[in-house]
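Visitor:
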Amino acid sequence: MNSTHQILMTSAVLLLAAAGCSERAAQAPPPPSPATNPPITSAESATDRWVGKWSGPEGTFLQLAGGNGQYEVTIQNLDGPRTFKGTAAGDRLEFERDGVRESVRASNGAETGMKWLSEKSDCLTVKAGEGYCRD
Numbered sequence: 269m270n271s272t273h274q275i276l277m278t279s280a281v282l283l284l285a286a287a288g289c290s291e292r293a294a295q296a297p298p299p300p301s302p303a304t305n306p307p308i309t310s311a312e313s314a315t316d317r318w319v320g321k322w323s324g325p326e327g328t329f330l331q332l333a334g335g336n337g338q339y340e341v342t343i344q345n346l347d348g349p350r351t352f353k354g355t356a357a358g359d360r361l362e363f364e365r366d367g368v369r370e371s372v373r374a375s376n377g378a379e380t381g382m383k384w385l386s387e388k389s390d391c392l393t394v395k396a397g398e399g400y401c402r403d
């Protein structure tokens, strides 16, 4: 076998091997991106960790009951307690109050916009000026 024939045969084998590898790589699912968080199932919803009582200033509080994406939201303000049905929506909990769609999100005390809570670190905020924290 001469060297030209040997080079051609080696090249052909390498091309076939490379084509087979790239075909398999195209069929395999891509690995998960490290920047992409895996989807949260309702059984492990981030909002399930919020169940319980969260305190606000002057006797106000937010209390969450339930789980798996379905909640009872009780908000005590200066007018008394009111209860709403809430639903998990990703990293938020949504509910309707007085015809307005509200959402509860995790925050720190400074993000609540309330000076009484500014030093706290484990809080929930409905909107600026309406927040609740755990001690």
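Those letters in the sequence shown? Residues 269 to 403, per our numbering, in order. Even glycine gets a Cβ: it sits at the ideal position worked out from N, Cα and C.
1) According to DSSP, simplified to helix, strand and coil, what is residue 396?
2) Closer than 6 Å by C-beta to residue 328: which residues in its own chain qualify, once you throw out the five before and the five after it? Chain order, please.
3) Terminal residues of the continuous beta strand (DSSP E) containing residue 335?
4) Does residue 395 pass the burial test, meaning 16 or more other C-beta atoms within 10 Å, or should it be called exposed?
5) Figure out for me which residue from 367, 332, 347 and 368 has the closest Cα to the Cα of residue 356.
6) From the DSSP secondary-structure annotation, give me the bridge partner or partners of residue 436.
7) If we ignore side chains and look at the alpha-carbon of each, how far apart do residue 350 and residue 330 end up?
8) Grouping DSSP H, G and I as helix and E and B as strand, with all else coil, what is residue 340?
9) Are the CB atoms of residue 399 and residue 324 nearer to each other than 8 Å?
10) Can you find a CB in chain D that lies within less than 8 Å of the CB of residue 380?
11) Where does residue 350 sit, in a helix, a strand or coil, going by DSSP?
12) Is it the case that the Cβ atoms of residue 373 and residue 365 are separated by a distance below 8 Å?
Guide: A quick look at the data gives this:
1) coil
2) 344 and 345
3) 329-335
4) exposed
5) 332
6) Here the chain comprises residues numbered 269 to 403, so residue 436 is not present and cannot be evaluated.
7) 10 Å
8) strand
9) yes
10) Here there is only one protein chain, and chain D is not present.
11) Here residue 350 sits in strand by DSSP.
12) no
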